[in-house]
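Going by my numbering, the sequence shown opens with residue 935, and the numbers climb by one from there.
Here a beta-carbon is modelled for each residue, glycine too, at the ideal position from N, C-alpha and C.
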Amino acid sequence: MDMGLSGLRVAISGAASGIGLEMARHFVAEGARVFIGDADAAALAAVAASDPDIGSAPCDVSNRGSVDGWLRACVATLGGIDCLVNNAGIAGPTGRVEEIAPEDWDRTLAVNITGQFNLTRLAVAHLRKSENPSILNLSSAAGKLGFALRTPYAASKWAVVGYTKSLAKELGPDGIRVNALLPGLVDGPRIQRVFADKAAQKGIRPEEQQALSMAHASVKKLIPQSELATMALYLASRHASTISGQAISVDGDLEALS
Ligand code: NAD
């Protein structure tokens, strides 16, 4: 299927690694023009060297001045924005609620949900000028399920869903589609860190934690990052012109987090 993404101008936050980078590479392969940001300047420099077709500038989504500068650089490079992917996110602390440092709670919310607001509020003016505008907000399976010992992360990712559905209602009449993507247990170094942290809390081995987590999915495999990237391509395309306000799971039918 021709996705019709040639020339689409795509802005992705937190895309110097992981899911965001995979999405950036998939968009470029479809002929889109991509500009990414990330708080990790060294990782961004590595992407600039390995993927010269991907434009980039440093950006901490929790810092409004940084977001403003990044968005200006993005628009100067691409000439506008058709698709914004609010991907930047952190795992936040693992622990019982009474053990969680308030500053860790604040940081998790500041990056995972306020960061999406910081970027969206400035990008909307550019999206309004697009002929095929869309926003994709990264939530998580932890945005629809309870997640013991990860309350800051779960709270932030449930917030992303409420934010997305509200934005979709607000921007739909202007032709801007807004969806949330809810990945499950995604293959890569990040999920291994999550298993290790949770295992340490419970006094078990990381492999045991992985087996416990996988037990709740009917499809017994970690989610390939490419499946999230392919979904992002589809949602940004004209093939998805009536899809908005949705919280879309790519999670192997995960029914609980443990
Ligand atoms: P990752 O850690 O590999 O990549 C996240 C990127 O965001 C990193 O490059 C990091 O430097 C960057 N970042 C962190 N704080 C930032 C900030 N303040 N400003 C800008 N960039 C910042 O993680 P990932 O697995 O690729 O996750 C991407 C998104 O998907 C996140 O929102 C995450 O919550 C979500 N998600 C991931 C999984 C998973 O299993 N990997 C599951 C569900 C949801």
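- Per DSSP, reduced to three states, the secondary structure at N1071 is strand.
- Here L1188 carries a strand assignment [DSSP, helix/strand/coil].
- Not a single heavy atom of ligand 1 lies less than 7 Å from the C-beta of S1068.
- Burial is judged here by how many other beta carbons sit within 10 angstroms of a residue's own beta carbon; M957 has at least 16 and is buried.
- Under the Cβ criterion (8 Å, minimum of three pairs), the stretch 1103-1110 does not count as touching the stretch 1082-1094.
- Three or more Cβ pairs closer than 8 Å define a contact, and the stretch 1068-1079 meets that threshold against the stretch 1162-1179.
- Assignment of beta strand (DSSP E) within the stretch 959-1015, counting only whole runs of 3 or more residues, yields 967-972, 988-992 in chain order.
- Rounded to the nearest angstrom, the Cβ distance from L1101 to T1048 is 14 Å, too far for a contact under 8 Å.
- The alpha-carbon separation between S1192 and P1158 amounts to approximately 20 Å.
- The three-state secondary structure of R1084, taken from DSSP, is coil.
- Taken through DSSP and simplified to helix, strand or coil, A945 comes out as strand.
- According to the DSSP assignment, A1170 belongs to the alpha helix (DSSP H) that extends over 1159-1170.
- Setting aside the 5 residues that flank it on each side, G1118 is surrounded in the same chain by A1075, I1157, D1185, G1186, L1188, each with a C-beta closer than 6 Å to its C-beta; the list follows chain order.
- Its chain contains I1015, H1060 as the residues whose beta carbon lies nearer than 7 Å to that of V1009, once the 5 sequence neighbours on both sides are disregarded; these appear in chain order.
- Per the coordinates, the alpha-carbon of P1036 lies some 18 Å from the alpha-carbon of A1093.
- If you draw a straight line from the Cα of F961 to the Cα of G952, it comes to about 15 Å.
- Excluding sequence positions up to five before and after A950, its CB lies within less than 6 Å of the CB of D972, D974, A977, L978, V981, all in the same chain and listed in chain order.
- I1138 has its alpha-carbon roughly 31 Å from the corresponding atom of N1021.
- Closest option to V1095, judged by alpha-carbon separation, among S996, A983, A1181: A1181.
- In this structure, the beta-carbon distance from K1078 to L1116 falls below 8 Å.
- Per DSSP, reduced to three states, the secondary structure at P1117 is strand.
- Excluding the 5 residues flanking it on each side, R1041 has same chain C-beta neighbours closer than 8 Å at S996, I1024, G1026, in chain order.
- Among the bridge pairs identified by DSSP, N1020 is matched with N1071.
- G1179 and M1165 have their C-alpha atoms roughly 15 Å apart.
- The Cβ atoms of C1017 and S947 lie no closer than 8 Å to each other.
- Under the DSSP assignment, H1150 falls outside any alpha helix (DSSP H); it carries neither an H nor an E label.
- For L1012 against R967, the beta-carbon gap comes to about 5 Å, under 8 Å, which counts as contact.
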